[in-house]
Amino acid sequence: MPRIEALTHDSCTGIVLAAGAGTRYGKPKALAENGAWLTAAITALRDGGCDPVIVLLGATGPDPAALNLPPGTRWHWVADWATGLSATVRAGLAEAARAGTRYVAFRPVDTPDIGAEVVARVLAAARASESGLARSVFHDTPGHPVVIENKHWEAIYAAAVGDAGAGSYLGTRQDMVCVTCDDLATGTDRDFPEVGAR
């Protein structure tokens, strides 16, 4: 991955994880609800304090034209997305390193009710903590976003394998700040379309 410099500012790259094929959902979730989930994810990260916001694409192909991304949104096609979540996480870390930010915030496209207030709360917790690690928790269940300071990126990049993503590294950390966000969202992953939805 690109070289990571020690930074003194508190900027954060927002990463939308939108590369998967959405097998259980029936199509890539980047296309769900005519792109409404993708737009919501981008807006939540941007309004929650992330700049830049980068969408990681995969199953939809390398051309983002059909996605109608909001102006100013960056995108990156993860060519090896099908090898597992780890490929997308590594791509996100590399993009954040290139952006020169101190933090990265990961938010999947399939958590549509996680808004800017959740992102802002978790980002503030990461900035205030010594570890630089924070994640949202909904009804005692770990969720997203996950905010990670750049001092952890190289270790996560090296440890990410298959569908483990950042979990194989973060699961070993006792200094992760867990931020309760029950009052703001459900944090529910949407793996299947609603009954009756078209």
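Residue numbers (UniProt numbering): 1 to 198. Beta carbons are placed, not taken as given, at the ideal position from N, Cα and C, and that holds for glycine. Note that the structure is predicted; figures quoted are calculated from it, not measured.
Spatial distance of residue i from residue j (CA atoms)
i: isoleucine 148; j: alanine 126; result: 7 angstroms
i: serine 11; j: glycine 48; result: 12 angstroms
i: glycine 100; j: alanine 82; result: 27 angstroms
i: proline 142; j: isoleucine 156; result: 18 angstroms
i: alanine 32; j: aspartate 175; result: 35 angstroms
i: valine 195; j: glycine 187; result: Bear in mind that the predicted position of valine 195 carries a pLDDT of just 42, short of 50, making it too unreliable to give a figure here.
i: lysine 27; j: leucine 17; result: 15 angstroms
i: aspartate 63; j: threonine 23; result: 20 angstroms
i: arginine 107; j: glutamate 130; result: 22 angstroms
i: glutamate 117; j: leucine 184; result: 7 angstroms
i: alanine 159; j: tyrosine 169; result: 6 angstroms
i: alanine 124; j: leucine 56; result: 24 angstroms
DSSP three-state assignment for residue i, whether helix, strand or coil
i: proline 64; result: helix
i: glycine 167; result: helix
i: glycine 92; result: helix
i: arginine 127; result: helix
i: arginine 107; result: strand
i: alanine 99; result: helix
i: threonine 83; result: helix
i: lysine 29; result: helix
i: arginine 190; result: coil
i: arginine 3; result: coil
First through last residue of the beta strand (DSSP E) which encompasses residue i
i: glutamate 149; result: 141-149
i: leucine 69; result: Segment: none, leucine 69 is in no beta strand (DSSP E) and carries neither H nor E.
i: isoleucine 114; result: Taken as a continuous stretch (DSSP letters only), isoleucine 114 belongs to no beta strand (DSSP E), as it is neither H nor E.
i: alanine 18; result: 12-18
Buried or exposed (CB count within 10 angstroms, at least 16 for buried), residue i
i: asparagine 68; result: exposed
i: isoleucine 54; result: buried
Sheet register partners of residue i (DSSP bridge)
i: serine 136; result: Val179
i: histidine 76; result: Leu56
Terminal residues of the alpha helix (DSSP H) in which residue i lies
i: arginine 46; result: 36-47
i: glutamate 154; result: 153-159
Contact with chain B by residue i, beta-carbon distance below 9 angstroms
i: threonine 186; result: Protein chain content of the structure displayed is limited to a single chain, and chain B is not contained in it.
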